[in-house]
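Take a look at the structure set out below.
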Amino acid sequence: MEALRELYEVIKSRKENAPEGSYTGYLFAQGLDKILKKCGEECSEVLIAAKNQRQEDTVGEISDLLYHLTVLMVNEGIPLEAVEQELARRARKQGNLKQFHQVDKDT
Numbered sequence: 002m003e004a005l006r007e008l009y010e011v012i013k014s015r016k017e018n019a020p021e022g023s024y025t026g027y028l029f030a031q032g033l034d035k036i037l038k039k040c041g042e043e044c045s046e047v048l049i050a051a052k053n054q055r056q057e058d059t060v061g062e063i064s065d066l067l068y069h070l071t072v073l074m075v076n077e078g079i080p081l082e083a084v085e086q087e088l089a090r091r092a093r094k095q096g097n098l099k100q101f102h103q104v105d106k107d108t
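Heads up: the sequence shown runs through residues 2 to 108, numbered per the numbering used here.
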């Protein structure tokens, strides 16, 4: 999580004062629609790399997706701690397999 924490702080600083030529600054300048578009594109690229069973490519695409999701979090004012807390809560949760299968059938 330390690398993600560092990334979050860099992205946050780029939002506050983007250096010229900063891709992160460009994303913030373009706004939410552009950030969401990039998240969607990166998600699709993760799926394609995984489907092609190319682990190195999959790792790279997951990293790209995490970067763009972090840009989204900063843009929306979502602190990294909020996601960490939610993941910890879910890790402790037990006994929801039946609910999962119902949700899975509905989607």
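The beta-carbon is built from N, C-alpha and C at its ideal position, and this holds for glycine as well.
Everything numeric in this text was worked out from a predicted model, so none of it was measured.
(request) Please name the residue, chosen from Asp65, Ile36 and Lys39, that lies closest to alanine 50 on a Cα-to-Cα basis. (result) Asp65
(message) Do tyrosine 24 and leucine 81 count as a contact pair if the criterion is CB distance below 7 Å?
(response) no
(message) Taking 7 Å as the threshold (C-beta atoms), are leucine 73 and cysteine 40 in contact?
(response) yes
(message) Short of 6 Å in beta carbon distance, which residues of its chain neighbour phenylalanine 29, apart from the five on each side in sequence? Order them along the chain.
(response) Lys16
(request) Please state whether DSSP places serine 14 in a helix, a strand or coil. (result) helix
(request) Assign valine 60 to buried or exposed, taking buried as 16 or more other Cβ atoms, counted over all protein chains shown, within 10 Å of its Cβ. (result) exposed
(request) Find out if the Cβ-Cβ distance for the pair glutamate 43, histidine 69 is shorter than 7 Å. (result) yes
(request) For chain C, find out if any of its Cβ atoms is closer than 7 Å to the Cβ of glutamine 95; answer yes or no. (result) No chain C appears in the structure shown, which is made up of a single protein chain.
(message) Going by DSSP in three states, glycine 61 sits in which element: helix, strand or coil?
(response) helix
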